[in-house]
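S.K.: Have a look at the structure that comes next, please.
Protein chains: 2
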Amino acid sequence: MTPRAETDHASAIKAAKELFWRRGYHETSMEEVVSATGLNRYALYNAFGGKLELFLKVLELYQNERKELFLRVLNDPERSPLDAVRTVGEFCISEMAERGAGCLICNVALEFGPCEPIVAECVTGYLAEVQSAKEMALEQAAACGELNPAITPKEGAAMLMTHMLGVGARARNGASREEMLRSLHSCVAVLKATRIEKEAS
Amino acid sequence: MTPRAETDHASAIKAAKELFWRRGYHETSMEEVVSATGLNRYALYNAFGGKLELFLKVLELYQNERKELFLRVLNDPERSPLDAVRTVGEFCISEMAERGAGCLICNVALEFGPCEPIVAECVTGYLAEVQSAKEMALEQAAACGELNPAITPKEGAAMLMTHMLGVGARARNGASREEMLRSLHSCVAVLKATRIEKEAS
DNA sequence: TGGTCTTTAGAACAACCGTTCTGATAAGGC
DNA sequence: GCCTTATCAGAACGGTTGTTCTAAAGACCA
Numbered sequence: 030m031t032p033r034a035e036t037d038h039a040s041a042i043k044a045a046k047e048l049f050w051r052r053g054y055h056e057t058s059m060e061e062v063v064s065a066t067g068l069n070r071y072a073l074y075n076a077f078g079g080k081l082e083l084f085l086k087v088l089e090l091y092q093n094e095r096k097e098l099f100l101r102v103l104n105d106p107e108r109s110p111l112d113a114v115r116t117v118g119e120f121c122i123s124e125m126a127e128r129g130a131g132c133l134i135c136n137v138a139l140e141f142g143p144c145e146p147i148v149a150e151c152v153t154g155y156l157a158e159v160q161s162a163k164e165m166a167l168e169q170a171a172a173c174g175e176l177n178p179a180i181t182p183k184e185g186a187a188m189l190m191t192h193m194l195g196v197g198a199r200a201r202n203g204a205s206r207e208e209m210l211r212s213l214h215s216c217v218a219v220l221k222a223t224r225i226e227k228e229a230s
Numbered sequence: 030m031t032p033r034a035e036t037d038h039a040s041a042i043k044a045a046k047e048l049f050w051r052r053g054y055h056e057t058s059m060e061e062v063v064s065a066t067g068l069n070r071y072a073l074y075n076a077f078g079g080k081l082e083l084f085l086k087v088l089e090l091y092q093n094e095r096k097e098l099f100l101r102v103l104n105d106p107e108r109s110p111l112d113a114v115r116t117v118g119e120f121c122i123s124e125m126a127e128r129g130a131g132c133l134i135c136n137v138a139l140e141f142g143p144c145e146p147i148v149a150e151c152v153t154g155y156l157a158e159v160q161s162a163k164e165m166a167l168e169q170a171a172a173c174g175e176l177n178p179a180i181t182p183k184e185g186a187a188m189l190m191t192h193m194l195g196v197g198a199r200a201r202n203g204a205s206r207e208e209m210l211r212s213l214h215s216c217v218a219v220l221k222a223t224r225i226e227k228e229a230s
C-alpha cells in the first residue's frame, strides 16, 4: 500500500466517523460516505470491503483515541483520582455537546443491540476496559479516603460507566451541555466521602 | 367504533409494543406487525394511519403504564423514599432483563435521536415527568435526613434518571440482570446519607 | 335466498439501500 | 508516443421497505 493510499484511508475513516457519529449507522448511506470521504465507491469497497467493515474500522479508531486519552488523564499523578474521573467525563460531554449527537459507543450499543454480535462484543470490550481504568482510579481514591465508603471501587466504576452511558442517551435526546455537566458533577459529588459530624444525642 | 374494534386496536398496540421493544423501530417491518397483531394490513392502516402513528400510540401506552405504576410506588406511604426509588428501578430492570432488549424509551431516544422531533419530544416529556416524581421522593428523603447532603433532591433525581437510561443502554448491550441490579444498588447507596464519625484529632 | 357493504389476503408499486459492473479516463514505465 | 495498468463516475442490479390497490370472501339484513 502506498503512503498516499494509507493517509487516504486514515482520513476516510475519520470522515466516516464524524458521519456515523452524527447520523447513526443505518441512517448513513454509502452515498453520503462517498461524498464525505472524497474517495469514490470503487476505492472504498476495495479498501474496506463494505459498510459494516468500514464501520468497525471507525469504532476501532474511536476506541483507540479514547482509551489513550482516558488512560493519560486517569494516570496523571498531578490529579486527584476523582478529579481525573470528572475530567474524563467532562471531555466526553464536550464532544457530545459539540456534535449534538450523543456518544458514538452509546448510540451504537443501542442501535445495533444484539443484532450484530461483532459490534456488540466490540462495545462490551471497550466499556470493560474503560471501566477497569476507572476502577483503578477509584481504588486510589479509596486508599486516600476520598471515596464514599458506601461503595467499593468496583461498584463505583460500574456506576460511573453506566451513568456516562445515560448521559450519552440524554445527549442524543437533546440535553444541553449544562444539564449533562450537572448530572456528572452530582455523580462525582456523591462518590466523594462526606464527613458529617455525628449529632450529639 | 364498535367495542370489538376497540379491543382489537388495544391488543394490536400491545402486540406492537412488544415487537418494537424487542427489535427496535426500524428493524421491525410492517410485515411482522401484521402477523404479530393478527390484524391485516388494510385494517392496520385504516386504524392508525401508518407505522409512525402506530408507534406513537405504542409510546403513549408504554408511558401511561409506567407513569401510573411509578407514581403509585413513589407515593406509597409504607415505603421510605429511597426504597421506593430503588423499587421502581428494580421493576424496570426486571422488564429489561425479561426481554433482553433494554428499555423502550431509552432505545427509542437513541434510535431516533433528533431525526424525528415528535418522538424526541415525547421521550423528553416522559423523562421530565418521571424525574419530577423522583425529585419529590428525594425531597421527602432529604426532609428526614435520608439523602446524601452532597446533593440536592433535584440533582439526585436527574442523576438517577440518567443512570437508569444508562442501565437501559447496558441492557441492550447484553448486561445481565445481576450487573444492572448491582449498579442500581450502588447508585441508591451513594444517594443515602452515610454518617461517619469525625475522627478525633 | 339475494343484494349490499365491509373485510380480507396478497399482489403491485415506488422508493431506497448496499453492492457490483462497465466503459471511459488518467497514470506510469519504456 | 504507446501500451499496460489502475482509477474513476455513474448506471445497473437485486433486495427490502412502507404503502396502496384489487379482486375475492364474508357478514349482515330483509
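Chains as they are written, first to last, in the numbering used here: chain A, 30 to 230; chain B, 30 to 230.
Every residue, glycine too, gets a C-beta built ideally from N, C-alpha and C.
Everything numeric in this text was worked out from a predicted model, so none of it was measured.
#1: I need the straight-line Cα distance from A/C121 to A/I134, nearest angstrom please.
#2: Exposed or buried, A/I42, counting other C-beta atoms within 10 Å across all chains shown (16 or more means buried)?
#3: Using the beta-carbon of each residue, which ones in chain A are nearer than 8 angstroms to B/I122?
#4: Closer than 8 angstroms, CB to CB, is B/V159 near chain A or not?
#5: If you compare alpha carbons, which of A/Y54, A/L189 and A/R201 is closest to A/A157?
#6: Give me whichever residues DSSP pairs with B/L73 in a beta bridge.
#7: Measure from the alpha carbon of A/R211 to the alpha carbon of each residue in B/A187, B/C216, B/L73 and B/K221, then state which is nearest.
#8: Quick one: complete alpha helix (DSSP H) runs, 4+ long, within the segment 65-150 of chain A?
#9: With distances taken between CB atoms, is the gap from B/S109 to B/E184 smaller than 8 angstroms?
#10: Looking at chain A, is there any beta carbon in it that lies within less than 8 angstroms of the beta carbon of B/M165?
#11: Check B/M30 in the structure and name its three-state DSSP category.
#12: Check whether the Cβ atoms of B/A198 and A/L194 sit closer than 8 angstroms, and answer yes or no.
#13: Please go through the same chain and pick out, in chain order, the residues whose beta-carbon is closer than 7 angstroms to the beta-carbon of B/A162, but skip the five residues on each side of it.
#14: Could you run through the segment 164-191 of chain A and flag, in chain order, every residue whose CB is less than 8 angstroms away from some CB of chain B?
#15: Please determine, among A/S215, A/N69 and A/E89, the residue with the shortest C-alpha to C-alpha distance to A/E150.
#16: State yes or no: is the beta carbon of A/N151 nearer than 8 angstroms to at least one beta carbon in chain B?
#17: Can you list, in chain order, the residues of its chain whose CB lies under 7 angstroms from that of A/A113, leaving out five sequence neighbours each side?
#18: Kindly list, in the order they appear in chain A, the residues whose Cβ is closer than 9 angstroms to that of B/P143.
#19: Given B/N177, which residues of its chain have a CB within under 8 angstroms of its CB, disregarding the five upstream and five downstream residues?
#20: Give the residues of chain A in contact with B/K221, contact being defined as C-beta atoms less than 8 angstroms apart.
#21: Just the C-alpha distance for B/E61 and A/P182, rounded to the nearest angstrom, thanks.
#22: If you draw a straight line from the C-alpha of B/E56 to the C-alpha of A/C144, how long is it?
#23: Taking C-beta to C-beta, are A/N202 and B/T153 nearer than 8 angstroms?
#24: Roughly how many angstroms separate the alpha carbons of B/M30 and B/T36, rounded to a whole number?
#25: For A/N136, return the contacting residues in chain B, with the cut-off set at a CB-CB distance below 7 angstroms.
#26: Contact check, B/C132 vs B/A204 under 8 angstroms by CB: the rounded distance?
#27: Just reading off the alpha helix (DSSP H) that B/P182 is part of, what are its end residues?
#28: Anything in chain B within Cβ reach of A/E56, meaning under 8 angstroms, just list it in chain order.
#29: Does the distance from the C-beta atom of B/A44 to that of B/A65 stay below 8 angstroms?
#30: Leaving out five residues on either side along the sequence, give the residues of the same chain with a beta carbon under 7 angstroms from the beta carbon of B/Q92.
#31: Which chain A residues are close to B/R211, counting only those with a beta carbon under 7 angstroms from its beta carbon?
#32: Give me, in chain order, the residues of the same chain whose beta-carbon lies closer than 8 angstroms to that of A/S215; leave out the 5 immediate sequence neighbours on both sides.
#33: Find the nearest neighbour of A/E140 within the set B/V87, B/K46, B/W50 and B/A171, judged by alpha-carbon distance.
M.R.: Concretely, from the data shown:
#1: 11 angstroms
#2: buried
#3: Ordered by position in chain A, no residue passes the 8 angstroms Cβ test against B/I122, which lies about 11 angstroms from the chain.
#4: So, not an interface residue.
#5: Per the Cα distances, A/L189.
#6: Answer is none; B/L73 lacks a bridge partner.
#7: B/A187
#8: 70-77, 80-103, 110-128 and 133-141
#9: no
#10: Judged by the 8 angstroms Cβ criterion, B/M165 is not in contact with chain A.
#11: Any answer about B/M30 is weak, because its pLDDT of 48 lies below 50 and its placement is not dependable; what the coordinates show is given next. Three-state DSSP puts B/M30 in coil, outside helix and strand.
#12: yes
#13: F99, L100 and L103
#14: Hits within the stretch, in order: N177, P178, A179, I180, E184, G185, A187, M188, M190 and T191.
#15: When each option's Cα is compared against that of A/E150, the closest is A/E89.
#16: Note that residue 151 of chain A corresponds to Cys in the displayed sequence, not to Asn. No, because no Cβ of chain B sits closer than 8 angstroms to the Cβ of A/C151.
#17: V102, L103, D105 and A166
#18: G129, A130, R201, N202 and G203
#19: Sequence-distant partners of B/N177 (beyond 5 residues in either direction) whose C-beta falls short of 8 angstroms from its own C-beta, in its chain, are G185, V219, L220, K221, A222 and T223.
#20: A179
#21: 45 angstroms
#22: 10 angstroms
#23: yes
#24: Confidence in B/M30 is poor, its pLDDT being 48 and thus under 50, which makes the residue's placement too unreliable to answer from.
#25: L139
#26: Contact flag wrong, Cβ pair sits at about 12 angstroms.
#27: P182 to R201
#28: C144
#29: yes
#30: Y155
#31: E184 and A187
#32: none
#33: B/W50
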